[in-house]
Amino acid sequence: MRHFGIVAFLFCSLATAAEKVPEPLDGIHRTFQDALLDRMVGHWELAGTVMGRPVQNDFSAEWVLNHQFLQLHFKSNDPPSKGRPPYQALVFIGYDNTSERYVAHWIDVFGGRYSETLGFGRPEGNSVKFLFEYPDGPFTNTMTYHPQTDSWTFLLRQKTPTGAWTDFAQETLKRKI
2 MRHFGIVAFL FCSLATAAEK VPEPLDGIHR TFQDALLDRM VGHWELAGTV MGRPVQNDFS
62 AEWVLNHQFL QLHFKSNDPP SKGRPPYQAL VFIGYDNTSE RYVAHWIDVF GGRYSETLGF
122 GRPEGNSVKF LFEYPDGPFT NTMTYHPQTD SWTFLLRQKT PTGAWTDFAQ ETLKRKI
């Protein structure tokens, strides 16, 4: 009979302890809900300049992986030049509830070396500014939504070795009809 009492006590203790464990800040049951980034979901035409050269891309965004990430897909419409493949990238934007910041995984045709650096950002009004600390210097990508035109602009800037910030790219997304 003593064993029954000990087992009952342990069971009640474990049940009470299980009830006191708080839900983790991040994980399978904490999906990424974001009203600003929801506005990017869909198919878009991207036009702009990269390093002073005109670019055009098909662009799409969709929630993936249990609504943990917004996946962006850039696919160039430009013909290959100088033996280089057309630009293509997959970007996964998630949210780190513990650190209270966005995280961006940028994977593109330039390979693994350039995808090692994560970007981190926080929303400011209708914008999210990501900072990537690349080995050759800081790089930002500010994504801004314009509700009056239902469009987005991306401003990509890099810091030069002399410490000056310069524009790397300026792009505009217009929704495909």
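As numbered in this note's numbering, residues 2 to 178 make up the sequence shown, in order.
All C-beta atoms in this analysis are idealised placements derived from N, C-alpha and C, irrespective of residue type, glycine included.
- Under the DSSP definition of a beta bridge, G95 partners with V104.
- The Cβ atoms of G53 and E172 do not sit closer than 8 Å to each other.
- Following the DSSP letters along the chain, one finds D39 inside the alpha helix (DSSP H) bounded by residues 36–39.
- Of the residues assessed, L26 falls on the exposed side of the cut-off, its CB having fewer than 16 other CB atoms within 10 angstroms.
- Here the C-alpha atom of D97 lies approximately 16 Å from the C-alpha atom of T118.
- Secondary structure of Y135 (DSSP, three-state): strand.
- Shown here, R176 sits in a strand according to DSSP, grouped into three states.
- Apart from sequence neighbours up to five positions away, the residues of its chain that approach D109 with a beta-carbon distance below 8 Å are F75, Y88, Q89, A90, L91, Y115, S116, ordered along the chain.
- In this structure, Q69 and G43 do not form a Cβ contact; the two beta carbons are roughly 19 Å apart against a cut-off of 8 Å.
- For R85, the three-state secondary structure derived from DSSP is strand.
- Annotated three-state conformation of G43 is strand, per DSSP.
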